[in-house]
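Residue numbers (our numbering): 44 to 622.
Scroll down for the structure; my scribbles are underneath it.
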DNA sequence: GCCGTTTTCGGCCCGACTGTTTTCAGTCG
């Protein structure tokens, strides 16, 4: 049982307990544990093997009861507690909680009164007008549930950052034009630059909220208004995305922005610090907990953090992964910036499935201030991408030489490859060919359903080849829905460290692979990280901001990142690897 | 159910909005 499956089990327990009507804090505890397990960068099974229940309890949010349940799940694959719970509350009721505006109380009500267990039964009952007559329900509530079912069918959960961010920027630009608006900022997971985003959270600073609400809810792209009060409104757009806007007076904007940015767990830490200093922290103010009840307002986040005795914490770090402790010790990392990247080590041209020539890509890299560009077209077994044979690789060398002549010292062109790691773990090129190339990437694209051991061994074969410099998009996941290869990441990292092989953060917003938690762990171990755009067109080079955002979420500084090393240091590293 | 630089027990998730109410329960973030 892997981390995700364990997490899903505890999420299910939380949901079933909620429908059952269990005290909220017990439910929150299960959910908290599930959240922690999902981002736990090691295999929980390994942690258990090494440290038993005691080891499990070192995981934040895991106490005696949950540790015991993890042990049972890992050793037997089943959980007595959950089986008993399912006998009381049918498992399918949990899926009903995903319907917007349908919570545990109503799910229970519908089940008790009408025996509704599935989405289909719910839809039929709502269409048949059977819900409206129930206690606490009315015509409008029934319509809301029907609308919720429709919108659920339309949208597919979380939106990749690469779709959400440009769309949100457009919406925010419109709000900036509203009279009286002083400031508009994204908040929530969008501002924290998570790889996928739920709803868009937008914060507006203005004294008068009414014009903002009017402008926000009457946009042509709005499909329906989900709610609209004096300071808060939410909408659903035609594309299925949802957004909510809060309006706060400029004098309180810092407190509000901090609150709305989250994460929830980061905010809990800040509240604890506030309490220790005699304040309670809300989205509106720091309020003295003594009799005076004095409220302190902050126009900027910097001022609020300062009032808590902390330096400002970059939004990408606010996940309660040690950033508050680091801030208290003045030990926050000096996070990587886009400007610090001056090499692109993964790009494609018309030689394989890219859309532009070597020269065009080089010019595009120069425009963006890159000093090094590696041309890394696919290798022949990726036939769908017109991968190169050894013979074509040699022809390409001539093309690259010609481009080098033309470009002079404006940029250093490296002739590389993105070599396929085949399904059986063998590589497309022999060692002589690899040694002849300037830069060698290896990656997976096919046979992604292999069992963990086989998939891992495949990757290890590439990492252990002394000519392979970098593993691109190591898991080959695709956002928002395709999980990557099932890999033993501990084994992958150990091998990469031993062989000095770099691992990639692929900046394409559909990939962002390595994901943040793994990139952080790899970098902490001392594995060099490369941040590449995998550009198939010059415009893709602008994906870099997503890769860097992901790197910042992984606490990376320029020292961790190959592309940010001084040119000489990078070339020396490459040379030492005996290319 | 978890957690602890004031507590091994008593906190922790509170405010905005909606709809069915008639003073409040449910949902959401």
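Backbone N, C-alpha and C define an ideal beta-carbon position, used for all residues, glycine too.
Let's see if you can read the secondary structure: which residues bound the beta strand (DSSP E) around residue i?
i: residue 280; result: 275-280
i: residue 461; result: 455-463
i: residue 602; result: Where residue 602 is concerned, there is no enclosing beta strand (DSSP E), given that its DSSP letter is neither H nor E.
i: residue 486; result: 482-486
i: residue 225; result: 224-230
Look at the alpha carbon of residue i and the alpha carbon of residue j, and state the distance between them as a whole number of angstroms.
i: residue 50; j: residue 124; result: 15 Å
i: residue 108; j: residue 393; result: 58 Å
i: residue 537; j: residue 544; result: 10 Å
i: residue 150; j: residue 139; result: 7 Å
i: residue 335; j: residue 320; result: 15 Å
i: residue 264; j: residue 222; result: 21 Å
i: residue 372; j: residue 191; result: 46 Å
i: residue 464; j: residue 411; result: 31 Å
i: residue 478; j: residue 426; result: 23 Å
i: residue 256; j: residue 278; result: 11 Å
i: residue 91; j: residue 85; result: 11 Å
i: residue 209; j: residue 586; result: 12 Å
i: residue 391; j: residue 413; result: 16 Å
i: residue 154; j: residue 112; result: 28 Å
i: residue 181; j: residue 133; result: 26 Å
i: residue 388; j: residue 513; result: 9 Å
i: residue 66; j: residue 110; result: 20 Å
i: residue 349; j: residue 317; result: 11 Å
i: residue 142; j: residue 461; result: 43 Å
i: residue 63; j: residue 397; result: 55 Å
i: residue 53; j: residue 114; result: 13 Å
Can you look up residue i in the DSSP assignment and give me helix, strand or coil?
i: residue 102; result: coil
i: residue 513; result: strand
i: residue 328; result: coil
i: residue 616; result: helix
i: residue 533; result: helix
i: residue 586; result: helix
i: residue 504; result: helix
i: residue 138; result: helix
i: residue 429; result: coil
i: residue 309; result: helix
i: residue 86; result: coil
i: residue 489; result: coil
i: residue 221; result: coil
i: residue 556; result: strand
i: residue 177; result: coil
i: residue 240; result: strand
i: residue 107; result: helix
First and last residue of the alpha helix (DSSP H) that includes residue i?
i: residue 162; result: 162-170
i: residue 151; result: 147-157
i: residue 127; result: 123-131
i: residue 548; result: It is not in any alpha helix (DSSP H) - residue 548 instead sits in the beta strand (DSSP E) that spans 545-549.
i: residue 53; result: 46-63
i: residue 435; result: 433-450
i: residue 474; result: 474-479
i: residue 570; result: Premise fails: residue 570 is in no alpha helix (DSSP H) and is neither H nor E.
i: residue 185; result: 182-197
i: residue 303; result: 296-304
Among the options, which residue has its Cα nearest to the Cα of residue i?
i: residue 526; options: 504, 545 and 488; result: 488
i: residue 355; options: 363, 370 and 549; result: 370
i: residue 384; options: 159, 96, 99 and 595; result: 595
i: residue 46; options: 69, 74, 83 and 61; result: 83
i: residue 271; options: 287, 263 and 522; result: 287
i: residue 452; options: 530, 610 and 332; result: 610
i: residue 253; options: 75, 341, 162 and 273; result: 273
i: residue 275; options: 347, 299, 412 and 575; result: 299
i: residue 89; options: 57, 106, 63 and 44; result: 44
i: residue 533; options: 566, 550 and 515; result: 566
i: residue 400; options: 122, 590, 578 and 235; result: 578
CB of residue i to nearest heavy atom of the ligand SAM: below 7 Å?
i: residue 72; result: With respect to the ligand SAM, the structure shown offers nothing to examine, as it has no ligands at all.
For residue i, which beta-bridge partners are listed by DSSP?
i: residue 322; result: 331
i: residue 289; result: 246 and 275
i: residue 270; result: 277
i: residue 116; result: In the DSSP output, where bridge partners are listed per residue, residue 116 has none listed.
i: residue 67; result: DSSP, once it has assigned bridges, lists no residue as partnering residue 67.
i: residue 525; result: 521
i: residue 26; result: What the structure shows of the chain is the stretch from 44 to 622, and residue 26 is not part of that stretch, so it cannot be assessed.
i: residue 387; result: 416
i: residue 422; result: 431
i: residue 265; result: 280
i: residue 578; result: 390
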